[in-house]
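Peer 1: Letter by letter, the sequence shown follows residues 26 to 154 of the numbering used here.
Even glycine gets a Cβ: it sits at the ideal position worked out from N, Cα and C.
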Amino acid sequence: MMFEQAVERLRASGHLYEQDGALWFRSTDYGDDKDRVVRKSSGDYTYFGSDIGYVVEKFSRGFDHLVYIWGADHHGYIPRVAGAVRALDLDPEKLQVALVQFAVLYRNGQKASMSTRSGEFVTLREKAA
26 MMFEQAVERL RASGHLYEQD GALWFRSTDY GDDKDRVVRK SSGDYTYFGS
76 DIGYVVEKFS RGFDHLVYIW GADHHGYIPR VAGAVRALDL DPEKLQVALV
126 QFAVLYRNGQ KASMSTRSGE FVTLREKAA
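1) Closer than 7 Å by C-beta to Leu-130: which residues in its own chain qualify, once you throw out the five before and the five after it? Chain order, please.
2) Here's a check: name, in chain order, each residue in its chain whose Cβ is nearer than 7 Å to the Cβ of Asp-116, leaving out the five neighbours to either side.
3) Asp-57 to Lys-83, Cα distance in whole Å?
4) Are Val-63 and Gly-74 touching if we call contact CB-CB under 7 Å?
5) Could you tell me whether the segment 48–56 touches the segment 108–124, using the rule of 3 or more Cβ pairs below 8 Å?
6) Let's test the definition: count the other Cβ atoms within 10 Å of the Cβ of Val-92 and tell me whether it reaches 16, buried, or not, exposed.
7) Quick check for students: name the residue ranges of the alpha helix (DSSP H) that lie wholly in the segment 77–153, counting only runs of 4 or more.
8) Taking its Cβ as the centre, do 16 or more other Cβ atoms sit within 10 Å of Ala-37, making it buried, or is it exposed?
Shown next, in the form of structure tokens:
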């Protein structure tokens with residue numbers, strides 16, 4: 026799996042450490058407010074661990090720019106992912122994160138459900154048009 030290869034790269038370069046049976050990324054070295062778990066003590070990878078693998082997988086397939094679209098509530102996630110990109114010796118300028126903020130909108134008098142995961146959202150630019 027790609028995230029296991031990414032984790033091994035980070036471990037070999039000293040960016041990971043084990044504590045309480047979990048594997049941690051030294052994200053404070055990259056501006057995050059605390060270090061983050063990559064693999065839980067159960068052996069399961071966290072979403073962050075999977076994101077590290079996703080970044081490596083995309084760049085290894087030749088993509089030259091990676092764009093994330095996240096809800097505004099995930100803004101704190103940016104420093105740790107950007108830190109992992111730098112720790113993997115990848116170009117952080119090739120990582121772009123767009124944040125979206127949800128608001129209650131109505132279509133034809135009915136409340137419109139929105140979700141970044143499913144790609145169901147309305148941009149301000151779209152709404153203004």
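Peer 2: Result, derived from the coordinates:
1) Ala-137 and Val-147
2) none
3) 23 Å
4) By the CB criterion at 7 Å, Val-63 and Gly-74 fall inside the cutoff.
5) yes
6) exposed
7) As far as the segment 77–153 is concerned, its whole alpha helix (DSSP H) runs of at least 4 residues are 103–112 and 149–153.
8) The residue in question, Ala-37, is exposed, as its Cβ has fewer than 16 Cβ neighbours within 10 Å.
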